[in-house]
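Structure, as structure tokens:
Residue numbers (our numbering): 62 to 440.
Written out as structure tokens, the structure reads:
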């Protein structure tokens, strides 16, 4: 790998915004230096006037128009999909499986572990984005809040069910914790290193608080597939918004949540306790409810800025550092810092379009042509 210096950019981190140059060697960030400092052994990449951020991290990605992880894609489809995601700025994501028959889920988990997932964050062969784990969104969900999940395949939140599903590679699981009043299944997840997220839940305020006291620290697509916030019964959403230990994931597409609701969540949770996700899939509706979204995570960042819900720095943090920290990946991704992977996004400062992306310090290409700008142009 060549030595590369990103020259002239404005570096965005969770704690600061500064003009500095980034030195990359062996796929890692090796130094962040003043722009006037000379480093003759490095090849320069001019990013003058551009915004430089960490690669984005999507914790809930079901697929897209041409791919569905539930359907077990081909290796070629997976390679194309990861490249499209990475070129758009998402350099790490969790392939997400929704509720299905347990045997089907086990087959998909095994396939993803073989072809894509690497718990050490290494890139699988032929892929352009890192997949450090799998998000199981189901099947242990409330039959009262199934959303698009097929009710006939919902399962109890029990140790017996989890023993069949929890395999190496599964790192995040959305569950309705009220289905486990004794807390035994939740403890099983925690003992096996799986992060539990409350979602597709009909929990009331007290049941949600009980889950948070037992160690649940995340809520899946806040406000969606749960009881709405009511002035006499705040419910699970209200419990999460009031608990400083809990990080709220949200879909900032303008459909799942109104822009004003996004602003409300961010005012209550602050920059440290919110995560942007896409829940991207083949979009549609069922029973009057939404099925997935069609946005890219860079769209969610732009939306938060355009709606004046968050600054660009905060929006990027919610799409990079916060998810990395929530999944304990922040030693290697989610931040621009010496020793981290050189997964970087170069943004246009005017319209916040993604202009270039680097993964492992390599400028990404699509169809054998260097990509100067993603199809996501910003507006």
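Just so you know, even glycine gets a beta-carbon here, dropped at the ideal spot from N, CA and C.
Outcome for residue i when other beta-carbon atoms lying within 10 angstroms are tallied against a minimum of 16
| i | result |
| --- | --- |
| residue 386 | buried |
| residue 258 | buried |
| residue 160 | buried |
| residue 363 | buried |
| residue 80 | exposed |
| residue 216 | buried |
| residue 383 | buried |
| residue 78 | exposed |
| residue 330 | buried |
| residue 268 | buried |
| residue 224 | exposed |
| residue 283 | buried |
| residue 285 | buried |
| residue 316 | exposed |
| residue 145 | buried |
| residue 72 | buried |
| residue 292 | exposed |
| residue 229 | exposed |
| residue 242 | exposed |
| residue 99 | exposed |
| residue 95 | exposed |
| residue 162 | exposed |
| residue 425 | buried |
| residue 361 | buried |
| residue 74 | buried |
| residue 417 | buried |
| residue 239 | buried |
| residue 76 | exposed |
| residue 143 | buried |
| residue 97 | exposed |
Supposed close pair residue i, residue j - CB separation, criterion 8 angstroms
| i | j | result |
| --- | --- | --- |
| residue 150 | residue 110 | Their Cβ separation, rounded to whole angstroms, is 18 angstroms, which puts residue 150 and residue 110 out of contact at 8 angstroms. |
| residue 261 | residue 237 | 6 angstroms |
| residue 22 | residue 277 | For residue 22 there is no data in the structure shown, the boundaries of the chain being 62 and 440. |
| residue 327 | residue 335 | 6 angstroms |
| residue 158 | residue 169 | 6 angstroms |
| residue 415 | residue 341 | Rounded, the Cβ-Cβ distance is 16 angstroms, inconsistent with contact. |
| residue 64 | residue 102 | 6 angstroms |
| residue 407 | residue 108 | 5 angstroms |
| residue 410 | residue 375 | In fact, because the Cβ distance is near 16 angstroms, the residues do not count as touching under 8 angstroms. |
| residue 39 | residue 153 | A query on residue 39 cannot be resolved here, the shown segment of the chain reaching from 62 to 440 and no further. |
| residue 196 | residue 233 | 4 angstroms |
| residue 275 | residue 244 | 5 angstroms |
| residue 193 | residue 390 | 6 angstroms |
| residue 421 | residue 116 | That belief does not hold up - the Cβ atoms of residue 421 and residue 116 are roughly 10 angstroms apart, past 8 angstroms. |
| residue 226 | residue 176 | In fact, because the Cβ distance is near 19 angstroms, the residues do not count as touching under 8 angstroms. |
| residue 256 | residue 279 | 6 angstroms |
| residue 356 | residue 314 | 5 angstroms |
| residue 309 | residue 301 | 6 angstroms |
| residue 443 | residue 106 | With the chain running from 62 to 440 in the structure shown, residue 443 is simply not present. |
| residue 183 | residue 220 | Wrong, their Cβ atoms sit about 32 angstroms apart, outside the cutoff. |
| residue 281 | residue 322 | Actually they do not touch by this definition, with Cβ atoms about 16 angstroms apart. |
| residue 273 | residue 231 | Going by Cβ atoms, the distance from residue 273 to residue 231 rounds to 22 angstroms, so no, they are not a contact pair. |
| residue 400 | residue 90 | 7 angstroms |
| residue 366 | residue 413 | 6 angstroms |
| residue 172 | residue 133 | 5 angstroms |
Endpoints, beta strand (DSSP E) assigned at residue i
| i | result |
| --- | --- |
| residue 56 | Residue numbering for the chain in the displayed model covers 62 to 440; residue 56 lies beyond these limits and cannot be assessed. |
| residue 398 | Note, residue 398: premise wrong, no beta strand (DSSP E); not H, not E. |
| residue 417 | 415-420 |
| residue 264 | Here residue 264 belongs to no beta strand (DSSP E), and DSSP marks it neither H nor E. |
| residue 79 | 78-80 |
| residue 411 | Counting along the chain, residue 411 falls outside any beta strand (DSSP E), and DSSP gives it neither H nor E. |
| residue 98 | First-last for residue 98: undefined, no H or E at that position. |
| residue 67 | 65-68 |
| residue 394 | Neither: residue 394 is in no beta strand (DSSP E) and is coded neither H nor E. |
Element boundaries [alpha helix (DSSP H), containing residue i]
| i | result |
| --- | --- |
| residue 364 | 358-367 |
| residue 378 | 373-379 |
| residue 386 | 382-387 |
Closer than 8 angstroms to chain C by CB, residue i
| i | result |
| --- | --- |
| residue 285 | Within the model displayed, chain C is absent; a lone protein chain is all it includes. |
* beta strand (DSSP E) runs contained entirely in the segment 175-250, provided each spans 3 or more residues -> Listed in chain order, they are 195-198, 231-236.
* Whole alpha helix (DSSP H) elements within the segment 273-356, 4-residue minimum -> Annotation: the segment 273-356 contains the following complete segments of the alpha helix (DSSP H) (minimum length 4 residues), in chain order: 296-303, 320-330.
* the segment 257-274 contacting the segment 191-208, beta-carbon criterion three pairs below 8 angstroms -> The segment 257-274, when compared against the segment 191-208, does touch it at the 8 angstroms Cβ threshold.
* Three or more C-beta pairs below 8 angstroms linking the segment 368-375 and the segment 115-122 -> Short answer: they don't touch.
* **Contained beta strand (DSSP E) runs [length at least 3] in the segment 104-165, N- to C-terminal order** => At a cut-off of 3 residues, the continuous stretches assigned as beta strand (DSSP E) that sit fully inside the segment 104-165 are 104-107, 112-115, 117-122, 151-159.
* Decide if the segment 123-134 is in contact with the segment 395-415; the criterion is three or more beta carbon pairs, one per stretch, under 8 angstroms apart. => As far as the Cβ criterion goes, the segment 123-134 does not touch the segment 395-415, which means the pair count is below three.
* Are there three or more Cβ pairs, one per stretch, closer than 8 angstroms when the segment 187-199 is compared with the segment 242-254? -> Contact between the segment 187-199 and the segment 242-254 is absent, because fewer than three Cβ pairs lie under 8 angstroms.
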